[in-house]
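Visitor: This is the structure I have questions about; it appears just below.
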């Protein structure tokens with residue numbers, strides 16, 4: 001099925017990929033990933049244009065990734081998605097073989113989950129706005145970028161909720177506002193307000209907002225409500241518009257802070273900022289929260305995705321015991337009789353003296369003789 005999007009204005013292939021991704025409101029991360037795979041695909045086939053290639057070339061490329069590069073199933077799926085996007089959305093090619101391409105089976109891994117004490121230890125070792133973001137990830141179940149992209153207007157103290165906008169799948173949802181964080185969030189709003197006022201006085205460009213909204217309301221990007229809850233301390237170039245403006249805090253900063261806190265807490269498992277979201281879901285289910293409620297809070301479109309946390313609980317709760325624990329312990333070995341113990345001790349002592357005599361180096365034996 002080919003795309004019904006309007007004709008492309010760009011002439012270069014990669015510019016066309018970029019143009020179509022932005023028209024379809026794909027995230028910047030997805031745009032960069034698709035550009036990478038399309039570039040890789042074209043170069044691997046000797047700079048041939050994709051329009052001149054077909055099923056054999058696509059299959060050969062995907063086979064190379066699996067057998068030579070040995071990429072993970074998720075990376076393999078991403079490469080396939082990029083090529084499907086290229087042919088369907090950019091080149092608008094409707095070929096039967098597109099339907100026959102097989103996706104590799106996804107590897108379903110059990111998520112790493114921290115205990116409540118471990119979460120407390122990690123959070124206690126973080127400070128500043130980054131610490132508040134980490135608290136929100138565990139307290140609401142938001143994804144890392146969802147927490148960093150919060151706007152001032154997304155925090156509703158009257159209803160004790162936070163609105164997560166344009167989340168994964170371009171969907172909005174509502175999560176709880178942890179009461180224990182209300183005062184810290186108000187203090188963060190005060191800090192953000194000071195940054196916003198400095199930007200307005202300096203006549204800096206507004207923050208990034210949805211393109212359609214900015215086109216309809218050109219000044220909306222400069223309003224207080226659309227300002228970042230966690231603004232970056234410095235300005236940076238917008239990779240899409242080329243405008244120097246203020247962004248939110250960067251994800252690398254949060255990931256580094258979490259990694260440092262985990263090491264300081266003496267936790268030796270692989271833990272990232274996303275582990276806080278896994279722990280949120282698992283702890284809610286442990287407390288008896290309905291799985292459908294957890295699904296809505298996490299923003300999962302399918303409850304089967306949320307069910308992965310129940311697998312963690314089944315093992316952790318101890319509902320099924322190991323058969324090893326049902327085996328009776330072996331009988332205790334009897335202590336030997338007293339005469340035997342004395343004889344064995346005397347034999348051991350004699351053996352030790354004999355060993356010392358045999359292993360005495362010659363030079364020390366001569367010295368003792370003189």
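Residue numbers (the UniProt record's numbering): 1 to 370.
Just so you know, even glycine gets a beta-carbon here, dropped at the ideal spot from N, CA and C.
As the structure is a computational prediction, the values presented were derived from the model and not from experiment.
Answer with buried or exposed for residue 140, where buried requires no fewer than 16 other C-beta atoms within 10 angstroms of its C-beta.
Guide: Within the chain shown, residue 140 is the residue found at index 140, counting from 1. Buried, because 16 or more other Cβ atoms sit within 10 Å of the Cβ of residue 140.
Visitor: Do you know whose CA, among 149, 194 and 156, lies nearest residue 209's CA?
Guide: Locating residue 209 in the chain shown gives position 209, where the first residue counts as 1. Looking at the Cα atoms, 149 is the closest of the given residues.
Visitor: Would you mind listing the alpha helix (DSSP H) stretches within the stretch 237–321 that are 4+ residues and don't spill past its ends, in chain order?
Guide: You should have 251–264, 273–286, 291–298, 303–306 and 308–316.
Visitor: With a cut-off of 8 Å, do at least 3 Cβ pairs link the stretch 231–244 to the stretch 269–279?
Guide: No: the two stretches stay apart, fewer than three of their Cβ pairs being nearer than 8 Å.
Visitor: Is it right to say residue 199 is buried, meaning 16 or more other beta carbons lie within 10 angstroms of its own, or is it exposed?
Guide: Your numbering for residue 199 matches position 199 in the chain shown. Its Cβ being crowded by 16 or more others within 10 Å, residue 199 is buried.
Visitor: Could you check whether the stretch 101–114 touches the stretch 63–76, counting it as contact only if at least three pairs of C-beta atoms, one from each stretch, sit closer than 8 Å?
Guide: Because the criterion of three Cβ pairs below 8 Å is met, the stretch 101–114 and the stretch 63–76 touch.
Visitor: Do the CB positions of residue 113 and residue 310 come within less than 8 Å of each other?
Guide: The residue given as residue 113 occupies position 113 in the chain shown. The residue given as residue 310 occupies position 310 in the chain shown. No, the Cβ-Cβ distance between residue 113 and residue 310 is not below 8 Å.
Visitor: Is the stretch 187–195 close to the stretch 163–177, with three or more CB pairs under 8 Å?
Guide: They do not touch, by the three-pair rule.
Visitor: Which residue or residues does DSSP assign as beta-bridge partners of residue 176?
Guide: The count along the chain shown starts at 1 and reaches residue 176 at position 176. Beta-bridge pairing links residue 176 to 161.
Visitor: Among 51, 26 and 89, which has the Cα closest to the Cα of residue 7?
Guide: By 1-based counting over the chain shown, the position of residue 7 is 7. Selected option, being the one with the closest Cα: 89.
Visitor: How big is the Cα-Cα spacing for residue 330 and residue 284?
Guide: Here residue 330 refers to the residue found at position 330 when the chain shown is read from its first residue. Here residue 284 refers to the residue found at position 284 when the chain shown is read from its first residue. Each residue's Cα considered, the two are about 41 Å apart.
Visitor: Going straight from the alpha carbon of residue 372 to that of residue 182, what length do you get?
Guide: Here the chain comprises residues numbered 1 to 370, so residue 372 is not present and cannot be evaluated.
Visitor: Can you name, in chain order, every residue of its own chain whose Cβ lies under 6 Å from the Cβ of residue 205, other than the five neighbours on each side?
Guide: Taking the chain shown and counting its residues from 1, one reaches residue 205 at position 205. Answer for residue 205: 243 and 245, listed in chain order.
Visitor: Counting only the same chain and skipping the five closest in sequence on each side, list residues whose C-beta sits under 7 Å from that of residue 71.
Guide: Position 71 of the chain shown, counted from the start, is the residue given in the question as residue 71. If we look at residue 71 and ignore the five residues flanking it on each side, its Cβ neighbours are 65.
Visitor: Would you call the stretch 126–136 and the stretch 295–306 in contact, with 3 or more CB pairs under 8 Å?
Guide: Taking 8 Å as the limit for Cβ pairs, the verdict is that the stretch 295–306 does not touch the stretch 126–136.
Visitor: Can you tell me whether residue 75 is helix, strand or coil according to DSSP?
Guide: Here residue 75 refers to the residue found at position 75 when the chain shown is read from its first residue. Helix at residue 75.
Visitor: So what does DSSP say about residue 20, is it helix, strand or coil?
Guide: Counted from its first residue, the chain shown places residue 20 at position 20. Correct three-state label for residue 20: helix.
Visitor: I'd like to know if the stretch 18–35 and the stretch 48–61 are in contact, where contact means that at least 3 CB-CB pairs between them fall below 8 Å.
Guide: They do not touch, by the three-pair rule.
Visitor: For residue 156, which beta-bridge partners are listed by DSSP?
Guide: By 1-based counting over the chain shown, the position of residue 156 is 156. Looking at the DSSP assignment, residue 156 forms a beta bridge with 161.
Visitor: Give me the Cβ distance between residue 87 and residue 95, rounded to the nearest whole Å; I'm assuming they're in contact under 8 Å.
Guide: For the purposes of this step, residue 87 is identified with residue 87 of the chain shown, where counting begins at 1. For the purposes of this step, residue 95 is identified with residue 95 of the chain shown, where counting begins at 1. Sure, about 7 Å apart at Cβ, within 8 Å.
Visitor: Following the continuous alpha helix (DSSP H) through residue 59, name the residue where it begins and the one where it ends.
Guide: In the chain shown, residue 59 corresponds to position 59, counting from 1. Run containing residue 59: 55–67, per the alpha helix (DSSP H) assignment.
Visitor: Could you name the residues that DSSP lists as bridge partners for residue 231?
Guide: For the purposes of this step, residue 231 is taken as residue 231 along the chain shown, with counting starting at 1. Answer by DSSP bridge pairing, in chain order: 248.
Visitor: Measure how close the beta-carbons of residue 61 and residue 36 come, nearest whole angstrom, since I'm counting them as under 8 Å.
Guide: Here residue 61 corresponds to residue number 61 of the chain shown, with the count starting at 1. Here residue 36 corresponds to residue number 36 of the chain shown, with the count starting at 1. So it is not a contact: roughly 13 Å between Cβ atoms.
Visitor: Determine the extent of the alpha helix (DSSP H) in which residue 124 is found, giving its start and end residues.
Guide: The residue labelled residue 124 in the question sits at position 124 within the chain shown. Looking at the DSSP string, the run of the alpha helix (DSSP H) that includes residue 124 is 116–124.
Visitor: Name the DSSP beta bridge partners of residue 151, please?
Guide: Numbered from its first residue, the chain shown carries residue 151 at position 151. For residue 151, which the question treats as bridged, DSSP gives the partners 228.
Visitor: Going by other Cβ atoms of all chains shown within 10 Å of its Cβ, with 16 needed for buried, is residue 11 buried or exposed?
Guide: Against the chain shown, residue 11 aligns to sequence position 11. Flag for residue 11 reads exposed.
Visitor: If we ignore side chains and look at the alpha-carbon of each, how far apart do residue 121 and residue 157 end up?
Guide: The residue given as residue 121 occupies position 121 in the chain shown. The residue given as residue 157 occupies position 157 in the chain shown. In a straight line, the C-alpha of residue 121 is about 27 Å away from that of residue 157.
Visitor: Between residue 151 and residue 85, how many whole angstroms is the CB-CB distance? I'm expecting something under 8 Å.
Guide: Taking the chain shown and counting its residues from 1, the one referred to as residue 151 is at position 151. Taking the chain shown and counting its residues from 1, the one referred to as residue 85 is at position 85. With a Cβ gap of about 29 Å, residue 151 and residue 85 do not count as contacting.
Visitor: By the DSSP assignment, the alpha helix (DSSP H) with residue 184 in it spans what residues?
Guide: Taking the first residue of the chain shown as position 1, residue 184 is located at position 184. Unbroken alpha helix (DSSP H) run through residue 184: 182–201.
Visitor: Under 8 Å, do residue 155 and residue 123 count as touching if we go by C-beta distance?
Guide: Counting from one through the chain shown, the residue named residue 155 turns up at place 155. Counting from one through the chain shown, the residue named residue 123 turns up at place 123. Not a contact, by the Cβ cut-off of 8 Å.
Visitor: In three-state terms, what does DSSP make of residue 93?
Guide: For this step, residue 93 is matched to residue 93 along the chain shown. In this structure, residue 93 counts as coil in the three-state DSSP scheme.
Visitor: Can you tell me which of 287, 108, 178 and 116 puts its alpha carbon nearest to the alpha carbon of residue 304?
Guide: Reading the chain shown from its first residue, position 304 is the one you call residue 304. Considering only alpha carbons, the answer is 108.
Visitor: Would residue 111 and residue 312 be called neighbours here (beta carbons separated by less than 8 Å)?
Guide: Within the chain shown, numbered from 1, the residue matching residue 111 stands at position 111. Within the chain shown, numbered from 1, the residue matching residue 312 stands at position 312. Against a cut-off of 8 Å, the Cβ pair of residue 312 and residue 111 comes out as a contact.
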